[in-house]
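Numbering (the UniProt record's numbering), first residue to last: 1 to 554.
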C-alpha cells in the first residue's frame, strides 16, 4: 500500500509531504484547489508522460517520490526480485522532471527506465479517473475489465503464447510459399545439372590422371627410344656399358686391395653402384614392357578429357575443379530437397499450432462467458442500489472460431444495458443519460475492483453526476472496498467523503504573486467543518454541522 508521497515544485505545489493509511481515504477541497494534484504527481511516479509544464514556475525541476509497503510473494515483490531491486518489502519510486523536459526515474534508489517503471506500476496502484465512463464504451476496455474481473491472466498468457508461436510459424510458411516458384525453378536446374554430372561421374583427381596418361600415351615412341638407349648404356650394350666398366674397375681395384687395405671402402661403394645399376636395368625393362603403343587407350583418354573440358566449360569452372563443382551442386540439391521436407513439416506444425491457439481461445471464451454472466448480475444489483431500480446489465460474449486471430482471442465483447422497463438491451455506447452512464461506470468499476489484486486503488471524482441518496450508496461501496484494500478517493460529495476512514482537505493559497496548494489530514472536528462546507457552501451553520455529524455517524 501507499504510505508516503513527497512532492517538490510540482505545478502549484511548492512542497507536500502526505502520509496515507489503510482503509478508505477521502480527499476533498474547493473547486480549483487541486484535489487531483496528488494523483497527478503519483501518476508521474508510476511512469506517466513527463511535461516541462509540470515544473513549478521559477524552479529548475520537479521531484516526486512515493513509498509503498509490499507483501512478500506479491506481484510487486516478485517484480522487484526479478529486476534485482528488492529492498526488504519496501518500494520507493522517484521521478524528476527538469524545466527543459528531461526526466529521470529510480526504484529503491537505483536508476531505471520508464519502461521498467511502467511495468512495475500496475502491481502497486490501480487508478480510476473521472473520465473512466468514456473508456467504457470502447470494446477493448470492456474486454480488459471482464478479464480483470475473471482473473484471466493465465488463460490470456496461454492464448498469447499460442498466438505468437502460430504467427511465427505462419510467417515462415508464407515466406517459403512466396519463394516456392523460385525454389522450384532452382531445383529443376540443379536436378538437370546434377544428373548430367552424375552420368559423367568424374572422380576426385581423375582429370589430373587423364592429363598424365594423355601425355604419356602421346609420347610413347620417344619414351621407348630413350629408355632403350639408357638400358643399352647401363647394361645391355655390347661395348663399354656402365655395368661392364664397373665390373672391370672392380677387378682392378681388387688386385690393388691386396696391396693396400685403404682400397676396401672404395670397393664397397663400387659394389653398391653395381647393384644399383642392375636394379635400374630391371626397372627399365619393366617400364619398356608397359610402353606398348595402344591407339585405343589413347583415343579413350582423349575422348574422356574432351568431355571433361566441354562439361567444365558449360559449368564455367576449370576442368580440374569439375569434381568439386559436382559435389557442391549435389549438396545444394540435397538442401533444397530437405527444405521441401522442412516445409511439409512446417505446414503440419502450422496446422497443429493453429489448433492449439483455437483450443486456448475457446477455453478463454468459455471462461469469459461464465464470468460475464456473473459480472452482469452483480453490476445489475449495483445499479439497483444506485437509484436505477429497473436497470439490467448484460455482457455479451460472441465467439467466432473462424474470426481473425488476435493476442486476446477471437471474442467480440459488448456491454449492454437497459435502465427502464420495456426497453431492449442496448450497447453501453448508446446510453443517452450522462448521469446514468456515470453511475453504471461506477458500478462496473466497483464490481471489477472486488477481484482486484492491486493493494492500492485510486478514484478521481468517479462520483460525478451522482447526488442525494445515491451518493451515500457510492460512499458505502467505496468504504466496503476499503476493507479489502487501500482506497484513495477524490470527491466533491459530502455523502461519499463521510464514508471514508480518513479524510484530507486540499487548500489553495495565493499572495497575489504566487499560488501554493497544501493538503491537510483532518481530525474529526475538522472533518465536520469540511463536510459542512460541502453541504452548505461557504456558509457554515450549526445546522450544516449537525448534518455533517449525522453523515459521519452513519
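Each residue gets a CB set at the ideal place from its N, CA and C atoms; glycine is no exception.
For residue i, which residues from the same chain have a beta carbon less than 8 Å from its beta carbon, with the 5 sequence-adjacent residues on both sides left out?
| i | result |
| --- | --- |
| residue 404 | 410 |
| residue 52 | 97, 98, 99, 100 and 101 |
| residue 243 | 234, 235, 274, 277, 278 and 281 |
| residue 270 | 246, 249, 250 and 253 |
| residue 166 | 350, 353, 354, 356, 357 and 405 |
| residue 108 | 80, 85, 86, 87, 90, 91 and 92 |
Quick one: what's got a C-beta closer than 7 Å to residue i's C-beta in the same chain, skipping five residues either side?
| i | result |
| --- | --- |
| residue 150 | 367, 368 and 371 |
| residue 389 | none |
| residue 555 | The displayed coordinates of the chain run from 1 to 554. Any statement about residue 555 would go beyond what the structure contains. |
| residue 83 | 116 |
| residue 224 | 288 and 291 |
| residue 448 | 145, 148 and 149 |
| residue 29 | 35, 505, 506 and 507 |
| residue 365 | 397, 399, 409 and 411 |
So, is residue i buried or exposed, given that buried needs 16 or more other C-beta atoms within 10 angstroms?
| i | result |
| --- | --- |
| residue 21 | exposed |
| residue 152 | buried |
| residue 60 | exposed |
| residue 499 | buried |
| residue 41 | buried |
| residue 295 | exposed |
| residue 255 | exposed |
| residue 9 | buried |
| residue 422 | exposed |
| residue 272 | exposed |
| residue 128 | buried |
| residue 113 | exposed |
| residue 238 | exposed |
| residue 105 | buried |
| residue 229 | exposed |
| residue 94 | buried |
| residue 527 | buried |
| residue 286 | exposed |
| residue 35 | buried |
| residue 319 | buried |
Determine the DSSP secondary structure at residue i, reduced to helix, strand or coil.
| i | result |
| --- | --- |
| residue 57 | coil |
| residue 558 | Given a span of 1 to 554 for the chain in the structure shown, any question on residue 558 remains unanswerable. |
| residue 89 | coil |
| residue 404 | coil |
| residue 111 | strand |
| residue 438 | helix |
| residue 297 | helix |
| residue 102 | coil |
| residue 49 | coil |
| residue 489 | strand |
| residue 547 | helix |
| residue 199 | helix |
| residue 541 | coil |
| residue 280 | helix |
| residue 480 | helix |
| residue 1 | coil |
| residue 430 | helix |
| residue 246 | helix |
| residue 149 | helix |
Note down, in chain order, each residue of its chain lying with its Cβ closer than 6 Å to the Cβ of residue i, except the 5 sequence neighbours on either side.
| i | result |
| --- | --- |
| residue 176 | 343 |
| residue 479 | 24 and 499 |
| residue 307 | none |
| residue 532 | 540, 544, 545 and 548 |
| residue 316 | none |
| residue 407 | 160 and 163 |
Is the separation between the beta-carbon of residue i and that of residue j shorter than 8 Å?
| i | j | result |
| --- | --- | --- |
| residue 477 | residue 126 | no |
| residue 468 | residue 496 | no |
| residue 27 | residue 489 | yes |
| residue 494 | residue 551 | yes |
| residue 470 | residue 547 | no |
| residue 67 | residue 169 | no |
| residue 443 | residue 395 | no |
| residue 37 | residue 506 | yes |
| residue 123 | residue 397 | no |
| residue 155 | residue 374 | no |
| residue 466 | residue 385 | no |
| residue 284 | residue 197 | no |
| residue 193 | residue 329 | yes |
| residue 530 | residue 503 | yes |
| residue 391 | residue 383 | yes |
| residue 190 | residue 311 | no |
Check your understanding: Does the segment 67-77 come close enough to the segment 39-55 that 3 or more CB-CB pairs lie under 8 Å?
Key -> By the C-beta criterion, the segment 39-55 is judged not to be in contact with the segment 67-77, since fewer than 3 inter-stretch pairs fall below 8 Å.
**Study point:** Contact between the segment 297-307 and the segment 199-213 (3+ Cβ pairs under 8 Å)
**Key:** With three or more CB-CB distances shorter than 8 Å, the segment 297-307 counts as touching the segment 199-213.
Point to revise | Touch test, the segment 263-273 against the segment 213-231, Cβ-Cβ under 8 Å, three pairs minimum | key: As far as the Cβ criterion goes, the segment 263-273 does not touch the segment 213-231, which means the pair count is below three.
Check your understanding: Does the segment 321-328 come close enough to the segment 193-208 to have 3 or more Cβ pairs within less than 8 Å?
Key -> With a cut-off of 8 Å on Cβ pairs, the segment 321-328 is in contact with the segment 193-208, counting three or more such pairs.
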